[in-house]
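Notes for the one structure printed next.
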Amino acid sequence: QQKVQQSPESLTVSEGAMASLNCTFSDGTSNNFRWYRQHSAKGLEVLVSIFSDGEKEEGRFTAHLNRANLHVSLHIREPQPSDSAVYLCAVSIYNQGKLIFGQGTKLSIKP
Amino acid sequence: DPKIIQKPKYLVAVTGSEKILICEQYLGHNAMYWYRQSAKKPLEFMFSYSYQKLMDNQTASSRFQPQSSKKNHLDLQITALKPDDSATYFCASSPGTPGNTLYFGEGSRLIVV
């Protein structure tokens, strides 16, 4: 059974400083990794999807995947107060449509 | 405009009653899903449908029954409600192929008293 763990549980970063979030997963056959964010009482917004080792950039959001270490990270460049939200790591296994989510990292950006 | 519409947004129900959560998507997708987010738990997969057929069911209880009357609809009927069913229920859709990105609605928050 795939397990997804995120760290830290919460993170406060000053506006303009880099924010880095981590996610580890247990099943090395996973092949799809996505980062979503959830503003309070809202739906989920997909930020970046990554399928192979290395880096994938979408605007200010960059994901890094290292399958050997069972680790995927998200880096947010020049975060703004509007980026304050819960960030969710989601992992899926080849040929399965469902996603397994981590418990989330609550990110707060201080002006 | 939201492309995945969930109704109602908030719902209070009495223990033992039955409710239906509505989901419609206007993205032209062929696959639809239900997920549940309970307090202090990760978002949890419940069901997936593709072309109106059940593909995967991770919900142990038969009290939860998805209903797909049209390709862009996937409602969730919950019977004999319990306080533990209190959660936010999210509907999602994807183009259809496993591995595609899932897009989520804003959720229906259910409180069972």
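Residue numbers (this note's numbering), protein chains in the order written: chain A, 749 to 859; chain B, 37 to 149.
Glycine residues also receive a C-beta, built at the ideal position from the N, C-alpha and C atoms.
Residue i to residue j span [Cα, whole Å]
i: residue 121(B); j: residue 60(B); result: 22 Å
i: residue 806(A); j: residue 794(A); result: 11 Å
i: residue 65(B); j: residue 110(B); result: 12 Å
i: residue 847(A); j: residue 816(A); result: 20 Å
i: residue 856(A); j: residue 826(A); result: 13 Å
Residue i burial status per 10 Å Cβ neighbour count (16 or more: buried)
i: residue 149(B); result: exposed
i: residue 72(B); result: buried
i: residue 146(B); result: buried
i: residue 766(A); result: exposed
i: residue 792(A); result: buried
i: residue 51(B); result: exposed
Residue of the options minimising C-alpha distance to residue i
i: residue 116(B); options: 56(B), 40(B) and 39(B); result: 56(B)
i: residue 127(B); options: 765(A), 760(A) and 790(A); result: 790(A)
i: residue 780(A); options: 102(B), 86(B), 144(B) and 135(B); result: 135(B)
i: residue 749(A); options: 824(A), 822(A) and 778(A); result: 778(A)
Item to complete: Return the residues of the segment 774 to 790 of chain A that lie within a Cβ-Cβ distance of less than 9 Å from chain B, sorted by chain order.
Response: Result list: 779, 780, 782, 784, 786, 789 and 790.
Worksheet item: Are the segment 47 to 55 of chain B and the segment 81 to 91 of chain B in contact at 8 Å, needing three or more beta carbon pairs?
Response: No, because fewer than three Cβ pairs between the segment 47 to 55 of chain B and the segment 81 to 91 of chain B fall closer than 8 Å, the two stretches do not touch.
Worksheet item: Does the segment 785 to 794 of chain A touch the segment 824 to 834 of chain A, meaning 3 or more C-beta pairs lie closer than 8 Å?
Response: As far as the Cβ criterion goes, the segment 824 to 834 of chain A touches the segment 785 to 794 of chain A, which means the pair count is three or higher.
Worksheet item: Does the segment 811 to 826 of chain A touch the segment 796 to 803 of chain A, meaning 3 or more C-beta pairs lie closer than 8 Å?
Response: Taking 8 Å as the limit for Cβ pairs, the verdict is that the segment 811 to 826 of chain A does touch the segment 796 to 803 of chain A.
Worksheet item: Taking Cβ-Cβ distances below 8 Å as the criterion, which residues of the segment 84 to 110 of chain B are in contact with chain A?
Response: Per Cβ criterion, the list reads 84, 86, 91, 92 and 94.
Practice prompt. Give, in chain order, every residue of the segment 792 to 811 of chain A whose Cβ lies closer than 9 Å to some Cβ of chain B.
Written response: For the segment 792 to 811 of chain A, which is checked against every Cβ of chain B, the residues closer than 9 Å are 792, 793, 794, 797 and 799.
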